[in-house]
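Step one of this worksheet: look at the structure below.
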Amino acid sequence: MHGKAALVFLLVMVLALSPLLPAEAAGSTSVLFDILERVPQMSFDDGWFGYVDYGVLLNAFPGSRQPASVADYRSLLEEQDWPDTMNAYRSITTGPAEFLLNLDTGERVLAESGIDLFAIERGLVLGNPPAEQIWLEGQFEPDEVETSLLSRGYEEVQSDSGPFRIFAPDGDIAGGTAIDL
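Sequential numbering of the sequence shown, starting at 22, is according to our numbering.
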């Protein structure tokens, strides 16, 4: 199997097996399906799809544990059994790459975005750069996120996105790019 056929097969297998994963929401059949219900249909038109449930992964990996915060992660690095958790993180091959790329800079990410990396429970990435969407689910403080983004020059973009609030640098969701069709 090559390319798109392998990706389609993998996606079908994930969707077929996801009811076997523990559902955390009452009455829910799958946390993946719960997230997918919130993502606009057109988001799937641009190629890539990746999903990861950090808690399920870390709980399934022998000897690892999920840090509760950046501070907890730092203390974990001082313990003798930290390689088990790091090996679990290194086994992640899908979902938002930014999580893994920023493990060692969690304090900076928290200061700049208001999001503690270790409060992220699940991540979904769609599309291809520059039209990439990252959906995060976890225990975030919306006021801290808003304050951090506003202090860095982000502005809230008015849209009909339903319950979601959208912030972009200087209010420009195109990131400064202009497309001439």
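Quick reminder that beta carbons are idealized off the backbone N, C-alpha and C, glycines included.
Which word fits residue i, buried or exposed, when buried means at least 16 other C-beta atoms lie within 10 angstroms of its C-beta?
| i | result |
| --- | --- |
| R143 | buried |
| S85 | buried |
| S225 | As displayed, the chain neither begins before 22 nor continues past 202, which places residue 225 out of reach and without an answer. |
| A195 | exposed |
| L98 | exposed |
| G109 | In the sequence as presented, Gly is not what sits at residue 109; that position holds Ala. By the 10 Å Cβ count, A109 comes out buried. |
| P117 | buried |
| D191 | exposed |
| F5 | The question about residue 5 has no answer here: the residues shown for the chain are numbered 22 through 202. |
| D193 | exposed |
| F259 | Lying outside 22 to 202, the shown extent of the chain, residue 259 is not represented and no answer is given. |
| D74 | buried |
| T168 | exposed |
| V29 | Its pLDDT being 34, under 50, V29 is placed unreliably by the model, and the measurement read from it follows with that caveat. By the neighbour-count rule (16 or more Cβ atoms within 10 Å), V29 is not buried but exposed. |
Who pairs with residue i in a beta bridge, going by DSSP?
| i | result |
| --- | --- |
| F70 | L147 |
| W156 | L145 |
| Y175 | P190 |
Give me the Cβ distance between residue i and residue j, rounded to the nearest whole Å; I'm assuming they're in contact under 8 Å.
| i | j | result |
| --- | --- | --- |
| G148 | G68 | 6 Å |
| F161 | E177 | Not really, about 16 Å apart at Cβ, beyond 8 Å. |
| E153 | I56 | With a Cβ gap of about 16 Å, E153 and I56 do not count as contacting. |
| V60 | W156 | 6 Å |
| F82 | D105 | 7 Å |
| I113 | L145 | Rounded, the Cβ-Cβ distance is 13 Å, inconsistent with contact. |
Report task. Could you tell me whether the region 77–95 touches the region 132–139, using the rule of 3 or more Cβ pairs below 8 Å? Result -> With a cut-off of 8 Å, the region 132–139 and the region 77–95 count as touching, because enough Cβ pairs lie within range.
Query raised in the report: Given 8 Å as the limit, is there contact between the region 114–125 and the region 172–183, that is, 3 or more CB pairs closer than that?
Result: Judged by Cβ distances under 8 Å, the region 114–125 makes no contact with the region 172–183, as fewer than three pairs qualify.
Query - beta strand (DSSP E) segments (min. 3 residues) lying fully within the region 94–130 - result: Fully enclosed beta strand (DSSP E) runs of 3 or longer: not present.
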